[in-house]
Amino acid sequence: MEVREQEHPPRTMKELENRIFKAGEEWRAEHTETKVNETTGDVTEKVAIPQTFTVAKILSEIVTFTFISKSNIPDYSLLYIYDLDEGIYTASNDLFNLLCKTFDVRIKPREWPQIKLMVRTLAKIRKPLESANLIPVQNGIINLETKELLPFSPK
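The sequence shown begins at 138 in the working numbering and counts up one residue at a time.
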């Protein structure tokens with residue numbers, strides 16, 4: 138976990154997927170139990186399947202999730218994922234499911250909605266961009282009044 142915090146943030150969706158895959162590998166390595174049969178000498182390894190909250194917590198550490206709402210209550214807001222390639226937030230269920238599967242392919246599709254519910258409890262609300270003069274683009278925000286490209290961060 139500490140190593141992940143020291144790495145630079147992923148710059149592309151492929152890097153993000155690789156980071157999630159590596160986090161899954163690390164988790165499985167830490168939660169593998171090796172047993173030796175004293176009679177036969179056979180060695181068996183049992184790898185635990187991660188709990189819903191574990192997956193949600195690790196995904197939330199790696200991926201930028203948010204709600205975009207004018208209200209302070211996210212109950213009816215979609216959960217958005219920052220798409221690094223497009224430079225925008227997306228509410229794609231397919232992308233979320235892919236991220237779950239990337240972490241550990243043994244996680245069943247019926248568990249993905251539960252993971253999403255847990256991620257929702259960890260995500261923060263952001264107010265929508267309301268100025269007609271500010272247009273989000275892939276590499277920043279264009280201010281139409283000043284014709285400047287302003288920096289943008291998904292955080």
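We put the beta carbon where it would ideally sit given N, CA and C, even for glycine.
In the DSSP assignment, Ile272 forms a beta bridge with Ile279. DSSP places Val256 within a helical segment (H, G or I) once states are collapsed to three. Between the alpha carbons of Phe190 and Glu282 lies a distance of about 45 Å. Take Lys261, set aside five residues on each side of it, and the residues of its chain with a beta-carbon closer than 8 Å to its own are Thr203, Phe204, in chain order. Ala185 has its alpha-carbon roughly 12 Å from the corresponding atom of Glu163.
Cβ-Cβ separation between Ile199 and Ala160: approximately 6 Å, consistent with a contact (criterion under 8 Å).
If you look at Lys194, you'll find it isn't in any beta strand (DSSP E); it sits in the alpha helix (DSSP H) that goes 189-199.
Bounds of any alpha helix (DSSP H) do not take in Asp220; it lies within the beta strand (DSSP E) bounded by 216-220.
Remark: C-beta atoms of Thr176 and Asp222 do not approach each other more closely than 8 Å.
The C-alpha of Ile279 is placed about 53 Å away from the C-alpha of Lys183.
Remark: C-beta atoms of Thr239 and Ile157 approach each other more closely than 8 Å. The three-state reading of DSSP puts Arg156 in helix, counting H, G and I together. Assignment of Lys207 by DSSP, reduced to helix, strand and coil, places it in the coil class. Each residue's CA atom was taken as its position, placing Glu154 and Leu236 some 7 Å apart. Under the three-state reduction of DSSP output, Thr239 falls in the helix class.
Nearest Cα to Pro250 within the set Leu259, Asn230, Asp241: Asn230.
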